[in-house]
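For reference, each letter of the sequence shown is one residue, going 4 to 189 in our numbering.
All C-beta atoms in this analysis are idealised placements derived from N, C-alpha and C, irrespective of residue type, glycine included.
Structure first, then comments.
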Amino acid sequence: MKSQNSKKRALLVIDVQNEYFTGLLPVTYPHNSTSNIVTAIQAANNAHISIVMVQHTSKAKAFVKGTHGWELHESVKNAKTAHTIEKTMASSFVGTDLEEWLRKNDIDTVVISGYMTQHCCDTTARYAHHLGFNVEFLSDATGTLAFENKAGKATAEELHRATLVEQAFRFSNIMSTREWIEAIRV
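Written out as structure tokens, the structure reads:
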């Protein structure tokens, strides 16, 4: 395995869109996820790590292209990015040029930030792992909300924690934003 400082990383900023702030799906846990995403973006820029902005589009009630909920949140919309993708599936890889762009730029490690932990972040991390990329999953720069359906209900904290445990088991190196910043400074 490569040392921390020999990895060539790209920070994926996944679905940080208004829908998760003022729309149908307000993220509630962890409470500081947005500020940590911004901190990760700043650290990536300082370390010359490429940033890929990911934006979800749907024909359902949420994330409809052109609506306020679909737009990038003010905290990230002006971020300096190397690449932008629009996706229609949970994985940032399916139906996009993300894999091609990462390989063209010799990226071997993807860093996961954004929303929702157990959905698009988890799916993207698993897909990246299956494609042979190293994955660093920022535990406090990802977030979610509580869910309830016919299978039961779970708090945002339960969903977030369970996803991180599963990611750490096989797919990702789980790190806080602070730990990640220290790792990229080495």
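- prompt: The alpha helix (DSSP H) spanning Asn48 covers which residue range?
  reply: The sequence position of residue 48 within the sequence shown is 45, counting from 1. Segment Ser36 to Asn49, the alpha helix (DSSP H) holding Asn48.
- prompt: Based on the DSSP output, what are the partners of Asn152 in its beta bridges?
  reply: Position 149 of the sequence shown, counted from the start, is the residue given in the question as residue 152. In the DSSP output, where bridge partners are listed per residue, Asn152 has Gly155.
- request: Compare the beta carbon distance of Leu148 and Thr31 with 7 Å and say whether it is the shorter of the two.
  value: Position 145 of the sequence shown, counted from the first residue, corresponds to residue 148. Position 28 of the sequence shown, counted from the first residue, corresponds to residue 31. Yes; because the gap between Cβ atoms is below 7 Å, this pair is in contact.
- prompt: Going straight from the alpha carbon of Asn49 to that of Asn108, what length do you get?
  reply: What you label residue 49 is simply residue 46 of the sequence shown in a count that begins at 1. What you label residue 108 is simply residue 105 of the sequence shown in a count that begins at 1. Spanning the two alpha carbons is a distance of roughly 18 Å.
- request: Thinking His122 and Ala93 are a contact (beta carbons under 8 Å), I'd like their distance in whole angstroms, please.
  value: Sequence index remark: in the sequence shown, residue 122 carries index 119 (1-based). Sequence index remark: in the sequence shown, residue 93 carries index 90 (1-based). Correct: roughly 6 Å between the Cβ atoms.
message: Rounded to whole angstroms, what is the Cα-Cα separation between Thr124 and Gly117?
response: Reading the sequence shown from its first residue, position 121 is the one you call residue 124. Reading the sequence shown from its first residue, position 114 is the one you call residue 117. Sequence inspection shows Cys at residue 124; the Thr mentioned does not correspond to that position. Distance between the alpha carbons of Cys124 and Gly117 is about 7 Å.
- request: May I ask you to report which of helix, strand or coil DSSP gives Ile110?
  value: Numbered from 1 along the sequence shown, position 107 holds the residue referred to as residue 110. Of the three classes helix, strand and coil, the one that applies to Ile110 here is coil, per DSSP.
field: Endpoints, beta strand (DSSP E) assigned at Ala1
entry: There is simply no residue 1 to check, as the chain begins at 4 and stops at 189 in what is shown.
task: Below 8 Å on the Cβ atoms is my guess for Val19 versus His76; work out the distance and round it to an integer in Å.
output: Numbered from 1 along the sequence shown, position 16 holds the residue referred to as residue 19. Numbered from 1 along the sequence shown, position 73 holds the residue referred to as residue 76. Yes, Val19 and His76 are in contact; Cβ-Cβ is about 5 Å, under 8 Å.
query: Exposed or buried, Gly72, counting other C-beta atoms within 10 Å across all chains shown (16 or more means buried)?
result: As a working mapping, residue 72 is identified with position 69 in the sequence shown. When all chains shown are included, Gly72 counts as buried.
- request: Decide if Asn35 is buried, meaning its Cβ has at least 16 other Cβ atoms within 10 Å, or exposed.
  value: Translated into positions along the sequence shown, residue 35 becomes position 32. Its Cβ having fewer than 16 others within 10 Å, Asn35 is exposed.
query: How long is the line joining the alpha carbons of Ile52 and Gln58, rounded to whole angstroms?
result: Residue mapping note: residue 52 aligns to position 49 of the sequence shown, counting from 1. Residue mapping note: residue 58 aligns to position 55 of the sequence shown, counting from 1. The straight-line gap from Cα to Cα measures roughly 19 Å.
message: Taking only three categories from DSSP, how would you classify Val168?
response: As a first step, residue 168 must be located in the sequence shown, where it is residue number 165. Reduced to three states, the DSSP call for Val168 is helix.
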